[in-house]
Amino acid sequence: MDTEYLKKVGIFVLCTLLCVGLVFYFGYHIWHSFTKEIETEAATRQTYQETIKTEGYIFRTESPIEGSASAQSVVPTVSEGEHIRKGGAVAKMYSDFSPDTVAKIAQIEKQIELLSRYSDTENVSLKDTQGIDAEIGSILSDIRGLCDTGSAGDAVELRQSLVSAVGERTVLTGGYSDPGNEIKELEAEKSTLIQSLGSMLGTVHTPVSGYYYSETDGYEEVFSAELLSDIGISELRELLKSEPAKKSGGGKTVTESRWYLVCMIDESEKNTYKQGSECTVKFKNTELVLEMDVDTVLYDKEGTALILSTNVMPEDFDYLRTQDVEIVKKEYSGLRVPASAVRMVNGETGVYILDVSTVSFRKVEILYTADNSYIVKLPETPSVGGEEGTDDENEKPKETPSLRLHDIIIVEGKGLYEGRIIGD
């Protein structure tokens, strides 16, 4: 066997494989430079709200209702927030103490109300089921978020809201084959629970006309709306430090629909909100968003106090005396552009877009800098490109077109320039 010949053949094959490998290596990187390193994203419409996070203190016009000194449990006989005339019966008092039983009775009352409201299937609409599904999803999201942050106690407090929402969905989707029979069973269960509360000691009547609420916190007459009519900022600070009075046993009557939210913010924000205007307030504990009137703006070198108010009384709002809120400072609407896509070309700020396979430059006007992105102005009239160039010196030069909705923005790319063809 000719070993020299075999050696030459082996060297030839090895060199051939090496050359082929080098071709593939360089070919891959050339292809990668024209494809993988060009990342795109569509220009989409987005609204961003710049907000101020703070605590809000609720003030209302409230009249506490005294119950029997010997009463241990008070069971409402009307719905929370229901308007009652002066002298109307609102609750019954019992001798034994059991907050869990009272809460269970309230839950049953709500189920009975829902069953009665939706027992006629003609009242059920797609909007009803979509709304309750969204509510259930929101509650579950809140529970997961609270558990993730270690706030298990707060998550447990949402349990009743979740149970009520799921029960409402069951009613809406026909989960009860016989609503009338279900109502009878719930009424029997409620009667058994009431009997477990001991002797009935009497009935609670509201001394004034208004909206009845069974829960009290001792601040009913401390955080009174009447005190806000003529108050200075230093007096307001002292008022917010006040201790609660003794809770009333029979609940309370809210005699005015207008209620107030007092927020303390930084002194630098004193000119942000104008008396007589409106502002958007987000209540973080309940996902409630309200447009509220700016009644008063108080400030000194230590800070600014906003006194906001509204006549809207949201259903199922808890009216906790202290609320975590976000007050919208300014709203920006436009196109979202990733920060990595924005560059300066010939003295103009803009982005490169991919028009089919051609690279084109589009100018942008930045309105707001968000996290790793910008909100840029949305052109009032969609731009379709500038006028064709001309040799006439009196004609204006071609204007760079603006970024439009749905343009394909090149987020990452190398060797970009106007007119480059991608893929050639």
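Take this note's numbering: the last position of the sequence shown gets the number 427, and nothing is skipped along the way.
The beta carbon of each residue, even a glycine, is placed where N, CA and C say it ideally should be.
For the putative contact between Leu231 and Ile61, defined by C-beta atoms under 8 Å, what is the C-beta separation to the nearest angstrom?
Your numbering for residue 231 matches position 228 in the sequence shown. Your numbering for residue 61 matches position 58 in the sequence shown. Their Cβ separation, rounded to whole angstroms, is 11 Å, which puts Leu231 and Ile61 out of contact at 8 Å.
Rounded to the nearest angstrom, what separates Val127 and Gln114 at their Cα positions?
What you label residue 127 is simply residue 124 of the sequence shown in a count that begins at 1. What you label residue 114 is simply residue 111 of the sequence shown in a count that begins at 1. With a pLDDT of 48 at Val127, under the threshold of 50, the modelled position of that residue is not reliable, and the figure given next carries that caveat. Val127 and Gln114: Cα-Cα distance of roughly 16 Å.
Might you give, ordered along the chain, the residues of its own chain that have their beta carbon closer than 7 Å to the beta carbon of Lys333, omitting 5 neighbours on each side?
Against the sequence shown, residue 333 aligns to sequence position 330. The residues are Glu53.
Any idea which residues DSSP pairs Ile424 with across the strands?
Here residue 424 refers to the residue found at position 421 when the sequence shown is read from its first residue. Ile424 is bridged to Thr361.
Should Gly91 and Thr209 be called a contact, given that it needs their Cβ atoms to be closer than 9 Å?
Locating residue 91 in the sequence shown gives position 88, where the first residue counts as 1. Locating residue 209 in the sequence shown gives position 206, where the first residue counts as 1. Yes, these two residues count as a Cβ contact at 9 Å.
In terms of alpha-carbon separation, which member of Thr307, Ser101, Leu370 lies closest to Ser336?
Within the sequence shown, numbered from 1, the residue matching residue 336 stands at position 333. When only C-alpha atoms are compared, the closest one is Leu370.
Out of Ile108, Val315, Val414, state which residue places its alpha-carbon closest to the alpha-carbon of Gly353.
On the sequence shown, position 350 is the one that residue 353 refers to. Closest option to Gly353, Cα to Cα, is Val414.
According to DSSP, is Glu192 part of a helix, a strand, or is it coil?
If you number the sequence shown from 1, residue 192 lands on position 189. Correct three-state label for Glu192: helix.
Determine the DSSP secondary structure at Asp220, reduced to helix, strand or coil.
As a first step, residue 220 is located in the sequence shown; it is residue number 217 there, counting from the start. Residue state, collapsed to three classes: coil.
Kindly indicate which three-state DSSP category Pro382 falls into: helix, strand or coil?
The residue labelled residue 382 in the question sits at position 379 within the sequence shown. Looking at Pro382 - three-state DSSP - the assignment turns out to be coil, as it is neither helix nor strand.
Mind checking who Met96 pairs with in its DSSP beta bridge?
The residue given as residue 96 occupies position 93 in the sequence shown. DSSP output for Met96 lists Val77, Gly205 as bridge partner(s).
Kindly indicate which three-state DSSP category Leu21 falls into: helix, strand or coil?
Sequence index remark: in the sequence shown, residue 21 carries index 18 (1-based). In the structure shown, Leu21 sits in a helix (DSSP, three-state: H, G or I).
Leu408 in three-state terms, based on DSSP
Along the sequence shown, one-based indexing puts residue 408 at 405. Coil.
With burial defined as no fewer than 16 other Cβ atoms inside 10 Å of the residue's Cβ, what is the status of Val340: buried or exposed?
Counting from 1 along the sequence shown, the entry for residue 340 is found at position 337. Burial call: buried.
Close Cβ partners of Glu391 (< 6 Å) along its chain, the five nearest in sequence each way excluded
For this step, residue 391 is matched to residue 388 along the sequence shown. With a pLDDT of 44 at Glu391, under the threshold of 50, the modelled position of that residue is not reliable, and the figure given next carries that caveat. The answer is none, since no qualifying residue turns up.
Cα-Cα separation between Gly389 and Glu368, rounded to whole angstroms
Position 386 of the sequence shown holds residue 389. Position 365 of the sequence shown holds residue 368. Confidence at Gly389 is low in this model, with a pLDDT of 46, below 50, so its placement is unreliable and no value can be given for it.
Nearest CA to the CA of Val2: which residue from Ser245, Met267, Gly279, Tyr222?
Residue 2 is absent from the structure shown; the chain starts at 4 and stops at 427.
Could you check which residue in Glu318, Tyr214, Ser237, Val292 has the C-alpha nearest to that of Ala308?
Counted from its first residue, the sequence shown places residue 308 at position 305. For Ala308, the nearest C-alpha among the options comes from Ser237.
Could you give the C-beta distance for Glu270 and Glu305, rounded to a whole number, given that I count them as a contact under 8 Å?
For the purposes of this step, residue 270 is identified with residue 267 of the sequence shown, where counting begins at 1. For the purposes of this step, residue 305 is identified with residue 302 of the sequence shown, where counting begins at 1. Glu270 to Glu305, Cβ: 7 Å. Contact.
For the alpha helix (DSSP H) containing Ser280, list its first residue and its last residue.
Residue 280 sits at position 277 when you count from the first residue of the sequence shown. Where Ser280 is concerned, there is no enclosing alpha helix (DSSP H), given that its DSSP letter is neither H nor E.
Pull up the distance between the alpha-carbon of Ile330 and that of Cys266, whole angstroms please.
Numbered from its first residue, the sequence shown carries residue 330 at position 327. Numbered from its first residue, the sequence shown carries residue 266 at position 263. For Ile330 and Cys266, the distance between alpha carbons rounds to 9 Å.
From the DSSP output, in three-state form, read off Asp103 for me.
By 1-based counting over the sequence shown, the position of residue 103 is 100. Helix.
Validate contact between the stretch 288 to 304 and the stretch 93 to 110 using beta carbons, cut 8 Å, 3 pairs:
no
Taking just the CA atoms, how far does Gln75 sit from Lys273?
On the sequence shown, position 270 is the one that residue 273 refers to. On the sequence shown, position 72 is the one that residue 75 refers to. If you take the alpha carbons of Lys273 and Gln75, they lie about 48 Å apart.
Alpha carbon to alpha carbon, how far is Leu381 from Val81? Give it in angstroms, no decimals.
Indexing the sequence shown from 1 puts residue 81 at position 78. Indexing the sequence shown from 1 puts residue 381 at position 378. So the two alpha carbons sit approximately 52 Å from each other.
Looking at Pro67 and Ser251, is the spacing between their C-beta atoms short of 9 Å?
Against the sequence shown, residue 251 aligns to sequence position 248. Against the sequence shown, residue 67 aligns to sequence position 64. Cβ atoms of Ser251 and Pro67: closer than 9 Å.
Select from Cys18, Leu17, Thr47 the residue whose C-alpha is nearest the C-alpha of Leu338.
Along the sequence shown, read from residue 1 onward, the residue named residue 338 stands at position 335. Nearest C-alpha to Leu338: Thr47.
Looking at the structure shown, is Lys249 part of a helix, part of a strand, or coil, going by DSSP?
Numbered from its first residue, the sequence shown carries residue 249 at position 246. Lys249 falls in the coil class under three-state DSSP.
Name the two residues that bound the continuous beta strand (DSSP E) containing Ser336.
What you label residue 336 is simply residue 333 of the sequence shown in a count that begins at 1. Here the beta strand (DSSP E) through Ser336 covers 325 to 341.
According to DSSP, is Leu293 part of a helix, a strand, or is it coil?
Walking along the sequence shown from the start, residue 293 turns up at place 290. Strand.
Beta-carbon proximity list for Ser202, same chain, < 6 Å, skipping 5 on both sides
Along the sequence shown, read from residue 1 onward, the residue named residue 202 stands at position 199. Correct list, in chain order: Ser98.
Ile310 - partner residues in DSSP beta bridges
Within the sequence shown, the letter at position 307 stands for residue 310. BP columns for Ile310 point to Val265, Thr299.
DSSP puts Met347 in a beta bridge; with which residues?
As a first step, residue 347 is located in the sequence shown; it is residue number 344 there, counting from the start. Met347 is bridged to Thr352.
Considering Arg240, what are the terminal residues of the beta strand (DSSP E) in which it resides?
The residue you call residue 240 lines up with position 237 of the sequence shown. Note, Arg240: premise wrong, no beta strand (DSSP E); alpha helix (DSSP H) at 236 to 243.
Alpha carbon to alpha carbon, how far is Thr19 from Asp394? Give it in angstroms, no decimals.
Counting from one through the sequence shown, the residue named residue 394 turns up at place 391. Counting from one through the sequence shown, the residue named residue 19 turns up at place 16. Confidence at Asp394 is low in this model, with a pLDDT of 49, below 50, so its placement is unreliable and no value can be given for it.
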